[in-house]
Each structure stands twice: as structure tokens, then as C-alpha cells.
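Chemist: A single structure is presented below for examination.
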Amino acid sequence: MKILNLQRWSALVASALLVLGAMGTTTAFAQSEEDEDEESAELDRVVITGSRISRTAIEGPSPVTVIDREQLDREGFTTVQDALKSLNQVTGLSQNEAQAGTFTQNANSIDLRNLGPGRVLVLVDGRRISDYPLPYNGQSNIVNISAIPLAAVDRIEFLASGASAIYGSDAIAGVVNIILRDDLANSLDLNVRYGDYTDGGGESVRFQGVGGFLGDNWNITYAFEYFDQDPIYAFQRDFMDSTEDAPRPSERIASRNAVEIDLFGGDTTPIYIDPRVATGEANPCADFPDLVLSSRPDPAVGERFYCGSKTWVGEQTILNGREQVNFYTKGALELGNHELFGSVNYFQVDADIDTGFNYYFNLTPFYSPNSASTVLGPGNGTILQMQRIFTNAEIGGPEAKFQEFDEELINYQVGFRGQLFSPYWDYELSWNSSNYDLKRDRTLLVEAAVEDYFFDVIPGATDPLFNFYPVANIDYDAVYSPITPEIWQSITDVGKTNADSSNDVIQGVITGDVYDLPSGPVSMAVVAEWGTQDYDISLDPRLVSADYFWGLTGTGGGGERDRYALGVEFAIPLLDTLQVSVAGRYDKYDDITQVDDAFTYNLGVEYRPTDRILLRGSWATSFRAPDMHYVFADPSGFFTTAVDEYLCRRDEPGVPFSDCTYDAENFFGTRAGNPGLEEEEGESITLGFVVEPIDNLTITADWWQVDLDNIVVDNPIARLLETEADCRLGLKDINTGECQDAISRVIRNPADGTINSERIDQVNTGPINAANNKVTGIDASLDYNVETNGIGTFSLELGWTHVLDDDFSVFPEDPVDNVRDQSINWRSRVRGTLGWQYGDFRATLFGERFGSTRSYLGQVNDELAEEPRMGPQMIYNLTAGYTFMDGKADVLFVVNNLFDEKPPVDQNWSGWPYFEWFNYYQFSLGQSWALQASYRFDY
547 MKILNLQRWS
557 ALVASALLVL
567 GAMGTTTAFA
577 QSEEDEDEES
587 AELDRVVITG
597 SRISRTAIEG
607 PSPVTVIDRE
617 QLDREGFTTV
627 QDALKSLNQV
637 TGLSQNEAQA
647 GTFTQNANSI
657 DLRNLGPGRV
667 LVLVDGRRIS
677 DYPLPYNGQS
687 NIVNISAIPL
697 AAVDRIEFLA
707 SGASAIYGSD
717 AIAGVVNIIL
727 RDDLANSLDL
737 NVRYGDYTDG
747 GGESVRFQGV
757 GGFLGDNWNI
767 TYAFEYFDQD
777 PIYAFQRDFM
787 DSTEDAPRPS
797 ERIASRNAVE
807 IDLFGGDTTP
817 IYIDPRVATG
827 EANPCADFPD
837 LVLSSRPDPA
847 VGERFYCGSK
857 TWVGEQTILN
867 GREQVNFYTK
877 GALELGNHEL
887 FGSVNYFQVD
897 ADIDTGFNYY
907 FNLTPFYSPN
917 SASTVLGPGN
927 GTILQMQRIF
937 TNAEIGGPEA
947 KFQEFDEELI
957 NYQVGFRGQL
967 FSPYWDYELS
977 WNSSNYDLKR
987 DRTLLVEAAV
997 EDYFFDVIPG
1007 ATDPLFNFYP
1017 VANIDYDAVY
1027 SPITPEIWQS
1037 ITDVGKTNAD
1047 SSNDVIQGVI
1057 TGDVYDLPSG
1067 PVSMAVVAEW
1077 GTQDYDISLD
1087 PRLVSADYFW
1097 GLTGTGGGGE
1107 RDRYALGVEF
1117 AIPLLDTLQV
1127 SVAGRYDKYD
1137 DITQVDDAFT
1147 YNLGVEYRPT
1157 DRILLRGSWA
1167 TSFRAPDMHY
1177 VFADPSGFFT
1187 TAVDEYLCRR
1197 DEPGVPFSDC
1207 TYDAENFFGT
1217 RAGNPGLEEE
1227 EGESITLGFV
1237 VEPIDNLTIT
1247 ADWWQVDLDN
1257 IVVDNPIARL
1267 LETEADCRLG
1277 LKDINTGECQ
1287 DAISRVIRNP
1297 ADGTINSERI
1307 DQVNTGPINA
1317 ANNKVTGIDA
1327 SLDYNVETNG
1337 IGTFSLELGW
1347 THVLDDDFSV
1357 FPEDPVDNVR
1367 DQSINWRSRV
1377 RGTLGWQYGD
1387 FRATLFGERF
1397 GSTRSYLGQV
1407 NDELAEEPRM
1417 GPQMIYNLTA
1427 GYTFMDGKAD
1437 VLFVVNNLFD
1447 EKPPVDQNWS
1457 GWPYFEWFNY
1467 YQFSLGQSWA
1477 LQASYRFDY
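Numbering (the working numbering), first residue to last: 547 to 1485.
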């Protein structure tokens, strides 16, 4: 991997100097004691996520979870994403680094309430940053939380309710606000951390520095971080390094690394061709360094033979190798009652990923009728399908097929803030600009080169079965001989993707007290915003072509949108014990969608009958503008299989689809963005309490519900084919817009009497506004501290989330299903921290409990499953630290996954790795440890 190059460092330093230089040009001035007293009193009022009004009480009408940097260290987290994914409210599942071949395999996101990673608003210092340039799952947009340096983080605040009336679009499931540090004065904290995994792989080094300068009227905080991590391969974990790990003996079979299948050899049943017969050799697999003659049971012929491997499944990374650099600086310059402030945050990463995408099989003629890969078997009387998997031993090691990411994020901020009219009115005017650039290189098989290597095309010949498709002969020597690194290079090429995104916001905020009531002042905040965002995915033209790289195309796209917003918020103390908060916001969108504008509002109530009891509730509306890629995605292609309802119902009426001739039609599909999308609309409610029954013990509990309508989903192909059939068969008026749309999307071959007459050639789908999702649950927490006379101070922190209902329907007219018990998402999560400190010593045990989840067959039918549900599972981290040299030096020892818990094997799971990646990814990494040392220099 590459070290940050000089050109990037030069640009970064120049940007930082612009900010810092502007802050050091004014002479210092003295402050009176009266000024200092006023500032000290003002510090008691802080802005908490979920409101723009400064307040003295942290607890408000909506629940807010705060994780400060001390807690981040105590609980053993190395990165921001580790900390965020530990939130008990993260009951939804998002893609991770082990899920090979995803669009965003080098990015990290979180899914709150199982509402989707894009429906939580992620802010840095209260401001938006650029979306990850590539679409999550090839469809929607996310913020890459791994692009935020832990060294610069002061605390993380999480608002667990909708807040569009405060922040605008995306604040549906909640708001994560990552507050960066600005509290260091004339000191530098240096921190070095070395970590490793006990089962191998993942060795890491992290170096951090955080410092600051404080003058009479100015301050600067800076942070830098370097992190280098080796990848972890699946073969380094003994529970997933081989198909021998399968729970059922019948599935402990080798992968088909070199195999030929006669598609019509057993009448209509495919049969394997014994490689010993095809080659005439006693052991045709002998030349491969890592393959053996293997077989699979077949009721018809006894065994099916091929050259295979039981360990090839482990040849992919489950943790990315990465080298990343972060630099952050933040400063302010006082100018009387005003202040000039600014910041620069820079992130750069080079990552290496092995997706294991190193196999080829010739497509059947039904998939690719124009291909020359319809392969003839012995005597030219059969049609073969050949599969060839290339192992690392053949191609020269995993580096020969690495997928490489080079990413860079730069975020600038500059503004003024201060007081207007009186000390009770504050203003802030700022400009924030964020830019994310990404380059991805993938080593891919070139279709023509692979076919030339394995096949010899017969010019002008057609297949013996239909006398229609072009054909080729197979080269058995090539199939049953290992390739070399040189051959690998000759049949592959590098597909390149360049993508970028940007987000610019100009924002003005005014806050203050507008009227005095007997119970206190009425406070108000007014916000005005202008924002613009854009993205562009520039694909290698060969990725756009459907016939250059084998088995893979790309998804391009690009567009921009502008928006304007005006919002107002009030905090009204109706009584000494009762306060009401109201907010409203108007957002106007200027783009090609049908969003146009949105008005959202919320209401919050806080009732404090005593100093130790808070009863609270909130109701809020929210919205989400369609993701940019849902709108602007270029057409992309894929192959799929579905029932052709039109031909089944027309030609074979009364025959069950499972027995219909057209029950599994193979065809090409395309997907493209939809400029006509509207906004998603939501409503959230919370009701709860906060009590302090005794000193140092706080208990909270909140019931919550989030209801979303008009959710953007991809139009299901099965539903398109059903609608098309209804329209063509006269069950629906063919002249309606619904019918015309469905018929235009399903492209059929002409009725010409050939074997493909009127069969589906292509189906075009894309995103539409349709689905509804209503999630209901309970959040609770406990925080207790006790100081003893002789054995130190103890603390206990607990957080619990339980999902009561998860109601979902794809279309408004569909029946509503409670999918809570049918999906693989957790029904509950608990996080807990038990801490102890005695003098300079401290220790913390952090634990997470993941609730039960659906097993593989349990998702289909409980009666088929040996265990309908999996779990619950628990995992623990242990940290122990010592502070010395008058608090300047500190050492910390961390063990994550203390008891080396492994993923639970799903007895119903039929494929590698025999557990669900989404649920148990962190268990698959195994136990890790780290030693961290830090020292503070004062200057």
C-alpha cells in the first residue's frame, strides 16, 4: 500500500495554513474579571443534538445518548465505526468487509431501527459531510463513518428520534453527531497503539497526536492519525477455512474448481462428465498443487466426479487491509464580541480487498444467445457447461486479484459567530464544503480472452439440439491444467472506476431569548440554509460493455441538486415544571425529482414534577429526499430468472407455475434511476421518563415508534411480470398508465415461430415510491456510580433496546406483515460497561448481548428448521490502564472478544461460511488484543 504522497501533503498543509494564518493576525487583548464570569456562566448552556437552542439540562424531550472519548477508550474501541456499531439502537444490519463483491466494501455504515443505513443522518460538528461516492448495494447513498478520525473525536451524540424539523432530510431513524475536539491548550498528546489477532492476520499499528495552542484571543486544536492494518483471510479462521466446517456431513464437499456438466445428458437432467473419461488420465487433477479428484453424490449415477478443493472457499479477505492518514485542525480568533472560526479535516486511505471473484463458467445459450461459448462435448453431440475456479496458488497469490481502493475526503469549514443586540442573542454564519474522491481498481476476467484460452470456436456451426446457437469445442488440456501467473495476466485486465461527491452548505443561525414568562424566558432559534450536492461515477467504458469483462458490469451515474431551508424553534417554559418545545422547517429542492418542497415540524414536552423525575415525550414529522443514485443512476445490467406469468397463464392455464414450461425463464435485466421519485415521509413518537431515585443513579426508559410511507424500493420483477400478464390477458385495462408502463418494461422476442418466440428478452426495472415500514420498540438505560472508602470507584452503564413490532408492506394495497420474527435482524440488543478505578489504576469490562435471530431455514418455514431461531450471543471487551508521571503518561491494555467467541453455526445453513455474515461478522474476526501508550507534552 502507498504512503500519502507529497502532493497531497502539500495541498493539505497549504489549506491548514490558510485557516491558521487567518487566526493569528490580530493582536491580543486583555479580559476583565467581569467578562470571564459572564463567559463561565455561558458555558453552562450547551447545544445538545436535536435542538439548536442552548440549554443547561442535557436530558430533553427526546432521548440522547452520549459517548465521550474516555468511554471510547474504556470500552476498547479502535475506530469510530466500532463505537457507533455498538449502540444498542443498531438493530438493523448493514454490509460489512467480509461480504465480498459489494459496491461499498471499503465503507462502513450503521442501520438504526432496521430502517436502512441511509435513513440516519450523520453529522460532524453539527454539519453534513459528503456521501460515499459509490452507492450502497448499488442503489442508495451512505456516509462512510470510517472516514472520521478517532483521534479528533471529543464525543458522539446520538438522537434516537426523527428530527427533520431541525436538520432537514435523512433525519428519520435518528441523528448521529460526531463532535470534534477543541479543548487542548498548549499541549500535545501523543498516542501509539499496536494490536493483533490471536488467530492470525489483522496486525495493526496506530499513531495519534492531538494538541493545541491557546493565546489571549485565539486558539487552535489539531489532530493527526496514522493507521495501518493487515488483512484477515477466511483461511486464517479454522471454523471457516474449509467446507469440512459444514454442520451437515452431506455438505462437506469440495468446490467445483474444474468441472464439466452435460446439460442434457440425462434427458432433461444435467449430468457431470467424469474428467478421467474426458482426458483419458487416471488422475487428471494431479497437476494442480491444491486440487484433488472429488465427487458429489447423485441418486441417478452414484457419484459425480470433478477436480475440486475443500479449502478454496477461504481464499478471500474478511477484514480489509488498509493504510490511512487523517489530519484535522480547528481554530478560532476572537474579535470583540465576535469570533472567526474554521477547520480542515482530511482523510486518505489505500485499501486492499480480496473478494474471491476468480472463477469462470460459460453461460448457457439461454443466457447469452449471441455468445460463442455454447460448448460441445465429446463427439459434438452434447452441450456442456464448464466451470473453472482459479486458486491463489495458480495466479501468483492473492495480490494478483486484489481490489484496490484509493479514497480521499477533505472537509473545510469557516464562519463567524458572536453576539447581537445583547448578551442573550447569539448568531453563527458558516460555510461548510466537503469533497470525497474515490478510485477503485479491480482485476477482472476478460471474456474473450478466457473463451479463447479454453475453447475453439467452430465458424458457422450451430448446436445439435436446437440447430440455432453458435458453438465451440472445449480444450481439455487447458481446463485440467493449472494456469501460471503469466497466463492469469493474459486473461485478465484492470477495471477502473473513478467516483466523487461533494456537499456545500451555507448556514445562518440566530438564537436567543424573546420573552420572559414567570417561569423563565422563551428561547428561540432561527436557521436558514442553502446547500448543493452532487456526485459522479465515471466507469471504465469496458465495464459498461456487457461483453468485455466476464460476469460483471458497472453502475454509473451522476447528478446534482440544490436546496434551500428556513426553520424556527421555540422552547417555552409554561410552568416551573413544564416546558414545551416546538419547531418547524421548510425545505425547498431544486432538482429533477418530484420532491419540490417539504414542511416538517415537531413537538416536545418535558415535565419535571421533582428534581429527580423527568417525564418526556415528542412527536415529529420527517422526510427523506430520494437518494441521488436512486434518481441519477445510469442503466446497469444483470441476469436473472423468473416465472413468465403471461405465457404460463396464456398457454398452460390451470397448470401450477412450478410445473409450467416457462417457470424459470432466464433473461437479461436492466436497472436505471427514476427522476420522477418523490420524498419519503415519516412520523416518529417517543414517550418516556428519566428518574434519579438515589444520588448517582439514573434510569431512563422510552417507548418509540417510527412510521415511514412512500419508501423508495426497486420495482420487483415478479410484480412487473404479474402486472404485464394481467394487462395482456385483459384483467386490467391495457390503456392505463400502469399497464403501459409494465408492458414497456417487459421486452419480448417477436412472434416469429422460433424456439424463442414471444419469450422474455429483457426486463427493465428501477426504483419507485411504494413501501411502508412501521417499527415500534423500547429503549432503556441505567447509569450508576458509587465511590467506596477503600476499594475505589465503581460505575455501571447499561443500554437496552427491544423491538416490539416491525410492520412492512411493499405496496400500499399489500397485506402488512410483522417481519420482526421472520427477518435476520436482532429483536433486542444490550450494551453494558462495568468500570473500576482506584487511584491511578482502572479497568473496564464492556459487554454486548445480541438478541436471537432467525435461522436460515427458519426464515422459510419453522417446520423445516432444526432450530427456527439462533442466539442470543454475547461478546466482551476488557481494558486495563495505569496513569503515571503526574497524569502525563498512560498505558492501556485491551482485549476485544475476551472469551474468543465464535459465530454460532447454523445447523440449517447450507452454504459457506455456515453462519450469517450480517449478524455475526465481529465474532468471525476472533479475539484481538492491543497495547496503547500515551504521553502529554506541555509547552
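All C-beta atoms in this analysis are idealised placements derived from N, C-alpha and C, irrespective of residue type, glycine included.
It should be emphasised that the depicted structure is a prediction, and the values quoted were computed from it without experimental measurement.
Quickly, what does DSSP pair arginine 1395 with across the bridge? List them, please.
Modeler: Here residue 1395 is taken as the residue at index 849 of the sequence shown, counted from 1. Beta-bridge pairing links arginine 1395 to Val1376 and Met1420.
Chemist: Where aspartate 774 and glutamate 749 are concerned, what is the direct C-alpha to C-alpha distance, given to the nearest angstrom?
Modeler: For the purposes of this step, residue 774 is taken as residue 228 along the sequence shown, with counting starting at 1. For the purposes of this step, residue 749 is taken as residue 203 along the sequence shown, with counting starting at 1. If I take the Cα positions, the gap works out to 8 Å.
Chemist: Apply the 10 Å Cβ neighbour rule to methionine 1431 and answer buried if 16 or more other Cβ atoms are within range, or exposed otherwise.
Modeler: Here residue 1431 corresponds to residue number 885 of the sequence shown, with the count starting at 1. With fewer than 16 neighbouring CB atoms inside 10 Å of its own CB, methionine 1431 falls in the exposed class.
Chemist: Could you name the residues that DSSP lists as bridge partners for glutamine 949?
Modeler: For the purposes of this step, residue 949 is identified with residue 403 of the sequence shown, where counting begins at 1. Paired residues: Ile899 and Arg988.
Chemist: For tyrosine 1061, is the classification buried or exposed, using 16 other Cβ atoms within 10 angstroms of its Cβ as the cut-off for buried?
Modeler: For this step, residue 1061 is matched to residue 515 along the sequence shown. Tyrosine 1061 should be labelled exposed.
Chemist: Return the Cβ separation of isoleucine 1004 and threonine 1043 in integer angstroms, given the expectation that the two are a contact with Cβ distance under 8 Å.
Modeler: To locate residue 1004, count along the sequence shown from 1; it is residue 458. To locate residue 1043, count along the sequence shown from 1; it is residue 497. Not quite, the Cβ-Cβ distance comes to about 37 Å (not below 8 Å), so this is no contact.
Chemist: What residue range does the alpha helix (DSSP H) around glutamine 627 cover?
Modeler: Looking up residue 627 in the sequence shown gives position 81. First-last of the alpha helix (DSSP H) with glutamine 627: 626-631.
Chemist: So alanine 792 is in the beta strand (DSSP E); what residue range does that whole segment cover?
Modeler: Taking the sequence shown and counting its residues from 1, one reaches residue 792 at position 246. Alanine 792 -> no beta strand (DSSP E), and no H or E assigned at all.
Chemist: Tell whether a beta-carbon distance below 7 Å holds between glycine 714 and aspartate 1133.
Modeler: Stepping through the sequence shown from its first residue, residue 714 is reached at position 168. Stepping through the sequence shown from its first residue, residue 1133 is reached at position 587. In this structure, aspartate 1133 lies closer than 7 Å to glycine 714 by Cβ.
Chemist: On the three-state DSSP scale, how would you describe aspartate 1205?
Modeler: For the purposes of this step, residue 1205 is taken as the residue at position 659 of the sequence shown. Secondary structure of aspartate 1205 (DSSP, three-state): helix.
Chemist: Give the C-beta separation of valine 1158 and valine 1237 to the nearest angstrom, bearing in mind that I take them to be a contact with Cβ-Cβ under 8 Å.
Modeler: Taking the first residue of the sequence shown as position 1, residue 1158 is located at position 612. Taking the first residue of the sequence shown as position 1, residue 1237 is located at position 691. According to the sequence shown, residue 1158 is arginine rather than valine. Between arginine 1158 and valine 1237 the beta-carbon gap is near 6 Å, inside 8 Å, which marks them as a contact.
Chemist: From glutamate 974 to alanine 693, what distance separates their C-alpha atoms?
Modeler: By one-based count along the sequence shown, residue 974 stands at place 428. By one-based count along the sequence shown, residue 693 stands at place 147. Going from the Cα of glutamate 974 to the Cα of alanine 693 covers about 26 Å.
Chemist: Taking the alpha-carbon positions, what's the threonine 1232 to aspartate 1205 distance?
Modeler: Translated into positions along the sequence shown, residue 1232 becomes position 686. Translated into positions along the sequence shown, residue 1205 becomes position 659. Using only the alpha carbons, I get a separation of about 51 Å.
Chemist: Identify, in the order they occur along the chain, each residue of the same chain with its Cβ nearer than 6 Å to the Cβ of threonine 1078, setting aside the five sequence neighbours on each side.
Modeler: To locate residue 1078, count along the sequence shown from 1; it is residue 532. Hits under 6 Å: Asp1050 and Asp1108.
Chemist: What does a CB cutoff of less than 6 Å around tryptophan 1165 pick up in its chain, not counting 5 residues either side in sequence?
Modeler: Residue mapping note: residue 1165 aligns to position 619 of the sequence shown, counting from 1. Leu1149 and Ile1231, listed in sequence order.
Chemist: With a threshold of 6 Å on Cβ separation, who are the neighbours of glycine 567 within its own chain once the five nearest residues in sequence on each side are excluded?
Modeler: Taking the sequence shown and counting its residues from 1, the one referred to as residue 567 is at position 21. Model confidence at glycine 567 stands at a pLDDT of 36, short of 50, so the residue's coordinates are unreliable and nothing is read from them.
Chemist: Among Ile1037, Gln959 and Ala1117, whose alpha-carbon lies nearest the alpha-carbon of alanine 995?
Modeler: As a first step, residue 995 is located in the sequence shown; it is residue number 449 there, counting from the start. The candidate whose alpha carbon is nearest that of alanine 995 is Ile1037.
Chemist: In the DSSP assignment, the alpha helix (DSSP H) including isoleucine 1037 goes from what residue to what residue?
Modeler: The sequence position of residue 1037 within the sequence shown is 491, counting from 1. Unbroken alpha helix (DSSP H) run through isoleucine 1037: 1031-1037.
Chemist: Quick one: Cα of glutamine 1368 to Cα of arginine 1400, how far?
Modeler: For this step, residue 1368 is matched to residue 822 along the sequence shown. For this step, residue 1400 is matched to residue 854 along the sequence shown. Those two C-alpha atoms are separated by around 6 Å.
Chemist: Report the rounded CA-to-CA distance for phenylalanine 873 versus serine 1341, giving the unit in angstroms.
Modeler: Position 327 of the sequence shown holds residue 873. Position 795 of the sequence shown holds residue 1341. Using only the alpha carbons, I get a separation of about 34 Å.
Chemist: Could you check which residue in Pro1172, Val1189, Ile1324 and Val1332 has the C-alpha nearest to that of leucine 1350?
Modeler: To locate residue 1350, count along the sequence shown from 1; it is residue 804. When each option's Cα is compared against that of leucine 1350, the closest is Ile1324.
Chemist: From Gln1453, Ala1264 and Glu771, pick the residue whose C-alpha is nearest to that of glutamine 894; which is it?
Modeler: Taking the first residue of the sequence shown as position 1, residue 894 is located at position 348. Selected option, being the one with the closest Cα: Glu771.
Chemist: Hey, out of Asn1212, Glu1226, Leu1089 and Val1177, whose CA is closest to threonine 1146's CA?
Modeler: Taking the first residue of the sequence shown as 1, we reach residue 1146 at position 600. It is Glu1226.
Chemist: If you run the structure through DSSP and keep just helix, strand and coil, what is methionine 1174?
Modeler: Within the sequence shown, numbered from 1, the residue matching residue 1174 stands at position 628. Helix at methionine 1174.
Chemist: Which word fits glutamine 1286, buried or exposed, when buried means at least 16 other C-beta atoms lie within 10 angstroms of its C-beta?
Modeler: The residue you call residue 1286 lines up with position 740 of the sequence shown. Answer is exposed; the Cβ neighbour count stays below 16.
Chemist: Which residue comes first and which comes last in the alpha helix (DSSP H) that contains glycine 534?
Modeler: As shown, the chain starts at 547 and ends at 1485. That puts residue 534 outside it, with no answer to give.
Chemist: Can proline 1119 and leucine 1063 be called in contact, C-beta distance under 7 Å?
Modeler: Along the sequence shown, one-based indexing puts residue 1119 at 573. Along the sequence shown, one-based indexing puts residue 1063 at 517. Taking 7 Å as the Cβ cut-off, proline 1119 and leucine 1063 qualify as a contacting pair.
Chemist: If you check the beta carbons only, do glycine 1433 and tryptophan 1382 fall under 7 Å apart?
Modeler: Looking up residue 1433 in the sequence shown gives position 887. Looking up residue 1382 in the sequence shown gives position 836. Cβ distance not < 7 Å, so glycine 1433 and tryptophan 1382 don't count as in contact.
Chemist: Less than 7 Å between the C-beta atoms of asparagine 1315 and asparagine 660, yes or no?
Modeler: On the sequence shown, position 769 is the one that residue 1315 refers to. On the sequence shown, position 114 is the one that residue 660 refers to. Not a contact, by the Cβ cut-off of 7 Å.
Chemist: Beta-carbon within less than 8 Å of isoleucine 1033's beta-carbon, same chain only, minus the 5 sequence neighbours each way: which residues are those?
Modeler: Taking the sequence shown and counting its residues from 1, the one referred to as residue 1033 is at position 487. Once the five neighbours on either side are set aside, the close Cβ partners of isoleucine 1033 are Tyr999.
Chemist: Report the option in Gln862, Val1017, Gln931 and Val960 whose CA atom is closest to the CA atom of glycine 943.
Modeler: One-based indexing of the sequence shown puts residue 943 at position 397. Among Gln862, Val1017, Gln931 and Val960, the Cα nearest to that of glycine 943 belongs to Gln862.
Chemist: My assumption, with CB atoms under 8 Å, is that glutamine 959 sits in contact with asparagine 883. Please give the rounded CB distance.
Modeler: Working through the sequence shown from its first residue, we reach residue 959 at position 413. Working through the sequence shown from its first residue, we reach residue 883 at position 337. The pair is not a contact, with the Cβ atoms about 21 Å apart (cut-off 8 Å).
Chemist: Would you mind giving the Cβ-Cβ distance between glutamine 949 and isoleucine 899, rounded to the nearest angstrom? I have them listed as a contact below 8 Å.
Modeler: Counted from its first residue, the sequence shown places residue 949 at position 403. Counted from its first residue, the sequence shown places residue 899 at position 353. Contact flag correct, Cβ pair sits at about 4 Å.
Chemist: List the residues that DSSP assigns as beta-bridge partners of leucine 1277.
Modeler: Residue mapping note: residue 1277 aligns to position 731 of the sequence shown, counting from 1. The partner list for leucine 1277 (beta bridge, DSSP) is empty, contrary to what the question assumes.
Chemist: Please state the DSSP three-state secondary structure of asparagine 829.
Modeler: Here the question's residue 829 lines up with position 283 in the sequence shown. Asparagine 829: coil per DSSP, three-state reduction.
Chemist: Once you ignore the five residues that flank tyrosine 970 on each side, which residues in its own chain have a CB closer than 7 Å to its CB?
Modeler: Residue mapping note: residue 970 aligns to position 424 of the sequence shown, counting from 1. Gly1058 and Asp1059.
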